Amino acid sequence: MPLSPVPNRVPKHLRDVRYRSFERADGLWDVEGELVDTKAYDLVLSGERKRMAGEPIHHMWIRCTIDTTLTVVAIEVAMDAHPLGECPLALPAMQRMVGCCMARGWRKAIEANLGHIEGCTHMRELLFNMATAAFQSVNQAFARPQSDQPPRHLGQCKGWDFNGKGVATIYPQFIGWQAPKPGSTGTAAVATTSATPADKPAGDSANKG
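In this text, residue positions in the sequence shown follow full-length UniProt numbering: the first is 1, and each later residue adds one.
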């Protein structure tokens, strides 16, 4: 069901963001992001440059080639449209993301390598959510070498609540699962009390990046 209609309003700005993923013949994966900003009215940019309504102000692309651990092994970027002449100067810094892992510390790596004037605001925004697209694509990233550890996506949203119906139906062995407390040397275990799932405390799973 779409959002309810709102009368008497004027369109101003449109941002389209799209992610695509591809499995490659060499065992790697390509995750591609595209960002397009347009206005619903004619606009004059700095330097007397004009953008007509519907003409892109930003049109940017990123391709991250990753392995099954979600580590970036190559990156390609392009700017088809940008508001300032200096914007493309931010592109070379994007290569610093090679070797970074989308599964661990991804946002920290983006800020460390591309923060402030080192990079481009819109490229950073596009990179942030590429990790989500990667997780949706590379099934091996969810694998756990230990059989007593839940997949990384459990405990990360309401649908995959360790005390919810989704986990109870699809991953019943992890219902009521709790992560080990900080500093604990023991391993996490599935709750074994006789309480119903709704009575058990919610736990957190490992951060998926």
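Virtual Cβ for every residue (Gly too), placed ideally from N, Cα, C.
It should be emphasised that the depicted structure is a prediction, and the values quoted were computed from it without experimental measurement.
One or two residues paired with residue i in a DSSP bridge
i: R63; result: E32 and E76
i: V17; result: L35
i: V44; result: K50
i: H58; result: D37
i: F22; result: D30
i: C101; result: T71
i: A81; result: H59
Alpha-carbon spacing of residue i relative to residue j, whole angstroms
i: I75; j: T65; result: 6 Å
i: G203; j: W177; result: Residue confidence is low: G203 scores 42 on pLDDT, short of 50, so the model does not pin down where it sits. Its coordinate-derived value is still stated next. Distance between the alpha carbons of G203 and W177 is about 6 Å.
i: A90; j: Q136; result: 28 Å
i: T68; j: C100; result: 13 Å
i: S21; j: M123; result: 18 Å
i: residue 212; j: H116; result: This structure cannot speak to residue 212, because the chain is shown only from 1 to 209.
i: R15; j: L35; result: 7 Å
i: L43; j: G54; result: 10 Å
i: L84; j: C120; result: 11 Å
i: M60; j: A109; result: 20 Å
i: P13; j: S4; result: Sequence inspection shows His at residue 13; the Pro mentioned does not correspond to that position. If I take the Cα positions, the gap works out to 19 Å.
i: N8; j: L28; result: 49 Å
i: M1; j: F174; result: 33 Å
i: R51; j: V73; result: 36 Å
Buried/exposed call for residue i, threshold 16 Cβ in 10 Å
i: A112; result: exposed
i: S194; result: Model confidence at S194 stands at a pLDDT of 34, short of 50, so the residue's coordinates are unreliable and nothing is read from them.
i: N139; result: exposed
i: G186; result: Here G186 scores only 47 on pLDDT, less than 50, and its place in the model should not be relied on; the value that follows carries that caveat. The residue is exposed, with fewer than 16 neighbouring Cβ atoms inside 10 Å.
i: I170; result: exposed
i: M97; result: buried
i: residue 219; result: Outside the shown range of the chain, which is 1 to 209, sits residue 219, and nothing can be said about it.
i: A134; result: buried
Tell me, please, whether the stretch 147-154 touches the stretch 120-131 by the rule of three or more beta-carbon pairs shorter than 8 Å.
-> Counting C-beta pairs with one atom in each stretch, the stretch 147-154 and the stretch 120-131 have fewer than three that are closer than 8 Å, which means they do not touch.
Segment contact flag, the stretch 23-41 with the stretch 104-119, C-beta cutoff 8 Å, min 3 pairs = Not touching, per the Cβ criterion.
Let me know the alpha helix (DSSP H) ranges lying completely inside the stretch 106-167, each 4 residues or longer, listed in chain order.
-> Counting whole runs of 4 or more residues, the stretch 106-167 contains the alpha helix (DSSP H) stretches 106-114, 121-128 and 130-137.
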